């Protein structure tokens, strides 16, 4: 049951639609009650995760009783209170997108002692009693971005980095991948390299503005995720710089900035697909059925289902359906799915 899922190499040409083959819809043996607590709903990634969980739940015949937001990265205490709240609702399982890597082990152990399964979604969490996780290979995301930047210019570029907030492991692993890719690209230099702020557009814009003044010759900006990348691209355009952004997560704003040439490449982080896979495998777990193939306990203390990587550039946008994997319906809200 625990076997590795391959990742697409940078520059590979396989169809993005093969990700649909990962889905294996299931009907639950009982109408299980599922609680959900995610980091926030300020971007399409976490909204997409919530939508994927909720839509797949309706197909599987289980009930999503609450979809809660921690309000942002770092809000551990608020999210721990939410886990308590979900436990009082007599849920069978909690799907958790943790606001921080550390701080959850004791609370999750308490839930599992009460018979409540806990599934990690979207980001890793340092808790030994999590049943499994569904996410992406963060280091591979960083390496893929670095490989793209290395090949995009005749000479290896200077790259401004906006690694994202401190205290979160997903972006630390992602930046480890960027650094490893830069070391493998003779002459590539990374500047900036400071973990700070949050993941809002304003964070990306402010950091990019300062760093573009300090490093006016930079050819690229690495921004850890969507809103940071959007903010960085807005700053570069406002300052009339040709510095191009590489980032992850597709949003409406990032699509516009790709078409204008300010964002060169985005790694699709298919929140909808990740949410569907988390829900499907949660049902299998509760039904005592075999789970999908997973990587066994590395680098986190539980098995993980890793979704393949897909870099997207502007010339692919006309053929890429962002509503299938990346962006929930515009009229949908997490509160609409609660029962």
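Residue numbers (this note's numbering): 1438 to 1776.
Every residue gets a Cβ at the ideal spot worked out from N, C-alpha and C, and that includes glycine.
Remember, it's a predicted structure, so these values are computed and weren't measured experimentally.
Cβ-based neighbour list, residue i, same chain, cut-off 7 Å, excluding 5 preceding and 5 following
i, result
"residue 1466", "1724"
"residue 1580", "1614, 1617 and 1618"
"residue 1503", "1472, 1473, 1523, 1526 and 1775"
Residues near residue i by beta carbon distance below 6 Å, same chain, minus five either side
i, result
"residue 1592", "none"
"residue 1474", "1505, 1516, 1519 and 1533"
"residue 1759", "1687"
"residue 1765", "1484, 1485 and 1488"
"residue 1564", "1541, 1542 and 1545"
"residue 1646", "1672"
Nearest residue (CA-CA) to residue i, options the options
i, options, result
"residue 1654", "1678, 1638 and 1662", "1678"
"residue 1526", "1548, 1680 and 1537", "1548"
"residue 1629", "1615, 1543 and 1709", "1615"
"residue 1662", "1656, 1492, 1605 and 1712", "1605"
"residue 1676", "1636, 1709, 1695 and 1642", "1642"
"residue 1736", "1491, 1577, 1468 and 1693", "1577"
"residue 1696", "1712, 1753, 1739 and 1652", "1753"
"residue 1741", "1770, 1494 and 1711", "1711"
"residue 1694", "1751, 1658, 1660 and 1731", "1751"
"residue 1470", "1588, 1553, 1744 and 1480", "1553"
"residue 1621", "1588, 1649 and 1631", "1588"
"residue 1495", "1670, 1464 and 1521", "1464"
"residue 1632", "1651, 1625, 1659 and 1623", "1659"
"residue 1507", "1490, 1479 and 1491", "1479"
"residue 1664", "1647, 1646, 1652 and 1640", "1640"
"residue 1482", "1558, 1757 and 1584", "1558"
Buried or exposed by the 16-neighbour rule on C-beta atoms within 10 Å, applied to residue i
i, result
"residue 1539", "exposed"
"residue 1768", "exposed"
"residue 1644", "buried"
"residue 1544", "buried"
"residue 1771", "buried"
"residue 1755", "exposed"
"residue 1650", "exposed"
"residue 1689", "exposed"
"residue 1492", "buried"
"residue 1670", "buried"
"residue 1584", "buried"
"residue 1701", "buried"
Short Cβ contact (8 Å threshold) for residue i with residue j
i, j, result
"residue 1498", "residue 1476", "no"
"residue 1524", "residue 1550", "no"
"residue 1672", "residue 1706", "no"
"residue 1627", "residue 1619", "yes"
"residue 1513", "residue 1536", "yes"
"residue 1638", "residue 1667", "yes"
"residue 1472", "residue 1528", "yes"
"residue 1635", "residue 1602", "yes"
"residue 1656", "residue 1748", "no"
"residue 1683", "residue 1607", "no"
"residue 1713", "residue 1699", "no"
"residue 1462", "residue 1500", "no"
"residue 1746", "residue 1586", "no"
"residue 1582", "residue 1704", "yes"
Own chain residues within Cβ distance below 8 Å of residue i, not counting five before or after
i, result
"residue 1556", "1530, 1531, 1532, 1533, 1567, 1568, 1569, 1570, 1571, 1715, 1718, 1719 and 1722"
"residue 1449", "Note on residue 1449: pLDDT 39, under 50, position unreliable in the model; the coordinate value appears next. No residues qualify anywhere along the chain."
"residue 1460", "1710, 1713, 1714 and 1717"
"residue 1456", "1707, 1710, 1744, 1745, 1747 and 1762"
"residue 1648", "1597, 1599, 1628, 1629, 1655 and 1658"
For residue i: DSSP bridge partner residues
i, result
"residue 1741", "1570 and 1732"
"residue 1527", "DSSP, once it has assigned bridges, lists no residue as partnering residue 1527."
"residue 1659", "1598 and 1683"
"residue 1557", "1533 and 1570"
"residue 1486", "Paired residue(s): none; residue 1486 is not in a bridge."
"residue 1625", "Answer by DSSP bridge pairing: none, since residue 1625 is not bridged."
"residue 1500", "1470"
Contact test: residue i Cβ vs the ligand GTP heavy atom, cutoff 7 Å
i, result
"residue 1498", "Annotation note on the ligand GTP: not contained in the displayed structure, which lists no ligands."
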